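Quick note: the sequence shown uses this note's numbering, first residue 25, plus one each step. To start, the structure itself, in structure tokens.
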Amino acid sequence: IAQSKQWLADFPHIHTYETSGVDLLEFPHSSFALVYSYVTFQHMPRPVFERYLREIHRVLTPNGYLVFQLPIGHFQDVPLEDTIGIRSYSNQEIEESLRRNGLGFHPSSDPEFTELSDPHSHRFRLAQKIGPISPPVSMDWNELKQPHFVSELDNHLYAMYADNCACAGNYQEGIQTLQILVNKNPANLEGRLRLAALLIETGQLPKAFVTMEEIITLHPGYEEGHRTLRQLLEKCPNLNPSRIPSLSTTSQHSSADASQGTPALANREYSTTKI
Numbered sequence: 025i026a027q028s029k030q031w032l033a034d035f036p037h038i039h040t041y042e043t044s045g046v047d048l049l050e051f052p053h054s055s056f057a058l059v060y061s062y063v064t065f066q067h068m069p070r071p072v073f074e075r076y077l078r079e080i081h082r083v084l085t086p087n088g089y090l091v092f093q094l095p096i097g098h099f100q101d102v103p104l105e106d107t108i109g110i111r112s113y114s115n116q117e118i119e120e121s122l123r124r125n126g127l128g129f130h131p132s133s134d135p136e137f138t139e140l141s142d143p144h145s146h147r148f149r150l151a152q153k154i155g156p157i158s159p160p161v162s163m164d165w166n167e168l169k170q171p172h173f174v175s176e177l178d179n180h181l182y183a184m185y186a187d188n189c190a191c192a193g194n195y196q197e198g199i200q201t202l203q204i205l206v207n208k209n210p211a212n213l214e215g216r217l218r219l220a221a222l223l224i225e226t227g228q229l230p231k232a233f234v235t236m237e238e239i240i241t242l243h244p245g246y247e248e249g250h251r252t253l254r255q256l257l258e259k260c261p262n263l264n265p266s267r268i269p270s271l272s273t274t275s276q277h278s279s280a281d282a283s284q285g286t287p288a289l290a291n292r293e294y295s296t297t298k299i
């Protein structure tokens, strides 16, 4: 992205944007007559690809076009967290994905052509916005009041988006994103730690104190949390220790949960000594 901005700096009519990696909210509805994607979709986990198709439909003008490159032939998938491996789609799968999102192959395109012999083919496809998005049968955790499962992909993408917001100076957006993530997944220790770190960095120490109380309630054996809480009290003596909130999830998580792969508050290069 940085190199793209550098290469195109002399072309005032071309702009390079860095998106959140989750959506295209930087752009309003019906912004573009053409969306072009090259060597991208095959590296996206399927749920992310589906989300981007919805967003592409939103930003396209009526009858707008999508030009994309994607191996179509046999089904191939890789682990969810893998953004380097190649994913390929059957013709039926890609047609259904496009149709669900108000898109369809243009008559000039040849959807029957497949890359069974060359999964790394860079052949382009032409699709068009043909109608509204089908009513979703959604299990998106952000739309559920009490989700039964929050995927690792959701955790990762929203935490990454919060970090990007903070790096760009949009701290409040990052804090709100992490708060939503924590509310939807109370057991997410990493999300709470990122939230506490951002609150500390922005000087919102009372809220950071409450967040740290919640962390040590869920994970009483987490020594770093106790140490950070003490440092907060030393920094702001008026933060009188309150009763630790009673959380329904407390009994479901033992202190052992916090000892395995637990990140410290230095996740975004924050250190508890900075308080």
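Backbone N, C-alpha and C fix where the C-beta goes; we use that ideal spot for every residue, glycine too. These numbers were taken from a predicted model, which means no experiment stands behind them.
| Query | Result |
| --- | --- |
| Residue 94 - DSSP class collapsed to helix/strand/coil | coil |
| Element boundaries [alpha helix (DSSP H), containing residue 61] | Residue 61 -> not in any alpha helix (DSSP H); beta strand (DSSP E) instead, spanning 56–61. |
| Residue 232: first and last residue of the uninterrupted alpha helix (DSSP H) it sits in | 229–242 |
| Reduced DSSP secondary structure (H/G/I, E/B, other) of residue 151 | strand |
| Beta-carbon proximity of residue 214 to residue 190, cut-off 8 Å | no |
| Anticipated Cβ contact below 8 Å, residue 65 with residue 83, distance rounded | Not quite, the Cβ-Cβ distance comes to about 16 Å (not below 8 Å), so this is no contact. |
| Cβ neighbour criterion (16 or more within 10 Å) applied to residue 85 | exposed |
| Residue 26 to residue 32 span [Cα, whole Å] | 10 Å |
| When 201, 126, 71, 245 are compared against residue 107, the one with the closest alpha-carbon | 71 |
| Endpoints, alpha helix (DSSP H) assigned at residue 128 | Run containing residue 128: none in the alpha helix (DSSP H); it sits in the beta strand (DSSP E), 127–129. |
| Where residue 43 sits in the DSSP three-state scheme | coil |
| Between the CA atoms of residue 199 and residue 235 - distance to the nearest angstrom | 12 Å |
| Range of the contiguous alpha helix (DSSP H) that encloses residue 184 | 176–191 |
| Residue(s) in a DSSP beta bridge with residue 112 | 100 |
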